[in-house]
Amino acid sequence: MQGRAHKDKKCKQDTTKTFGDEDLVGLRTPHQDPLVIIARIGDLCYNVKRILVDNGSSVDVLFFSTLQSMNISNQRLTQAAGPVYDFDNHPVHVLVMITLPFTMGNF
């Protein structure tokens with residue numbers, strides 16, 4: 013994930029984004045193409061340049077170095093409840109988790 017901190021102190025709340033059959037016009041289906049969006053994450057509206065949306069995942073991974081570049085305090089991290097499972101159904105230990113505001117749309 014790449015991004016930079018935004019100068020605004022608060023993000024504007026946006027409406028729900030949904031996709032329908034009309035959004036498939038011009039695409040060959042089935043396809044393996046990623047959906048690429050731009051969003052803001054965090055209290056200070058960290059501009060995220062690349063996000064991979066995977067509708068089959070039960071978790072979203074954010075690297076610790078990204079949290080540091082977003083100036084998010086370690087005090088906001090909480091202990092994870094349990095493991096997640098990889099593609100081969102093997103448990104993977106999760107150290108911490110965090111809940112962050114997420115805004116999509118035109119800014």
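Position one of the sequence shown corresponds to residue 13 (my numbering), numbered consecutively onward.
Beta carbons: idealized from backbone N, C-alpha and C, even for Gly.
In this text, all values refer to a predicted model and were calculated from it rather than measured experimentally.
Which word fits residue i, buried or exposed, when buried means at least 16 other C-beta atoms lie within 10 angstroms of its C-beta?
i: R52; result: buried
i: G54; result: buried
i: L36; result: exposed
i: P113; result: exposed
i: P103; result: exposed
i: L39; result: exposed
Return the residue from the list the options that minimises the CA-CA distance to residue i.
i: D72; options: F31, V37 and V106; result: V106
i: N83; options: H102, N59 and P103; result: N59
i: T111; options: D100, S81, Q87 and T41; result: Q87
i: M109; options: G38, S85 and P42; result: S85
Specify the secondary structure class of residue i as computed by DSSP and reduced to three states.
i: Q44; result: coil
i: N86; result: helix
i: F114; result: strand
i: M13; result: Note that M13 has pLDDT 41, beneath the 50 cutoff, so the model's placement of it is unreliable and the number below is only indicative. Reduced to three states, the DSSP call for M13 is coil.
i: D20; result: Low per-residue confidence applies at D20: pLDDT is 46, beneath 50, and the placement is therefore not dependable, though the value from the model is reported in the following sentence. Of the three classes helix, strand and coil, the one that applies to D20 here is coil, per DSSP.
| query | Would you call the region 91-100 and the region 28-47 in contact, with 3 or more CB pairs under 8 Å? | reply | Contact between the region 91-100 and the region 28-47 is absent, because fewer than three Cβ pairs lie under 8 Å.
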